[in-house]
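This report refers to the structure that appears directly beneath it.
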Ligand code: PEP
């Protein structure tokens, strides 16, 4: 089965309506990428979902959120539901990012419940897993990632995307070595209910300089990009690396 590549930008808590011009610059490349078998997704903060969706119209740029609540509505001040995210124009939602696991104490059970809510609302969840530096150094990386996957992925997750993001590589400039990434992605694939049809992204300081090498690995189906996705030049170069990787296959 051929899996389409996915290059996803996680804008975290960055972006205002004055940044919408970014999408005009991205659009031609997203169209080129889509034709070459590479999906381009941007996940802005919740406040920008509807403005970005309105601005992009029916362009090739896919839009995602960075979180959603487990409930469809209710007394949950400050939260947004999966249905609201969908209604704002998103098709994807990042769940269980390590910053949410650490900043908000999110457990894998909660991530699983959010993923179920997302799927019910018609969103594709991007479920993040990854070990800390201490866990890797203690030889626990595979056990930790295996346990996170087992507990975070709903049984009915036909359309889920997995993002392997070693916590120590996020925003640090450190990247896992290609051989570590290859081993972990191969391991993750063996743990999936739909191994051949599920996209596994790598995330953690992906930059133009390392994207080509990482995207060329067999079980790497794209990237979840934080810092570099805020810069059209860098994000564009990462998308280019994915397009060239597809063309080379
Ligand atoms: C991320 O936020 O998911 C991420 C991988 O960030 P960065 O690319 O900045 O390391």
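Numbering (the numbering used here), first residue to last: 1147 to 1395.
Cβ atoms here follow ideal geometry from the backbone N, Cα and C, with glycine treated the same way.
Keep in mind the model is a prediction, meaning the values are calculated, not measured.
Excluding sequence positions up to five before and after residue 1150, its CB lies within less than 6 Å of the CB of 1183, 1185, all in the same chain and listed in chain order.
Taking the CA atoms as reference points, residue 1189 sits about 17 Å from residue 1345. Taking 7 Å as the cut-off, the beta carbon of residue 1228 is found closer than this to the beta carbon of residue 1269. Here the alpha carbon of residue 1235 sits roughly 13 Å from the alpha carbon of residue 1264. The beta carbon of residue 1320 sits no closer than 6 Å to any heavy atom of ligand 1. For residue 1215, the three-state secondary structure derived from DSSP is strand. Judged by DSSP secondary structure, residue 1230 falls within the alpha helix (DSSP H) whose first and last residues are 1228-1233. Contact between the segment 1351-1367 and the segment 1380-1388 is present: 3 or more CB-CB pairs across the two stretches fall below 8 Å.
DSSP assignment within the segment 1359-1389 yields the following whole beta strand (DSSP E) runs of 3 residues or more, N-terminal first: 1368-1371. When DSSP states are grouped into helix, strand and coil, residue 1210 belongs to the strand group. Set against 6 Å, the gap from the CB of residue 1316 to the closest heavy atom of ligand 1 is smaller. Taken in chain order, the unbroken stretches of beta strand (DSSP E) that lie wholly in the segment 1164-1194 and span 3 residues or more are 1184-1189. Bounds of the beta strand (DSSP E) holding residue 1241 are 1238-1241.
For residue 1292, the enclosing alpha helix (DSSP H) starts and ends at 1287-1298.
Proximity of the beta carbon of residue 1350 to ligand 1 is indicated: a heavy atom of the ligand is located closer than 6 Å. The count of Cβ pairs closer than 8 Å, one atom from the segment 1357-1372 and one from the segment 1290-1299, stays below three, leaving the stretches out of contact. Annotation: residue 1271 to residue 1249 spans about 20 Å, alpha carbon to alpha carbon.
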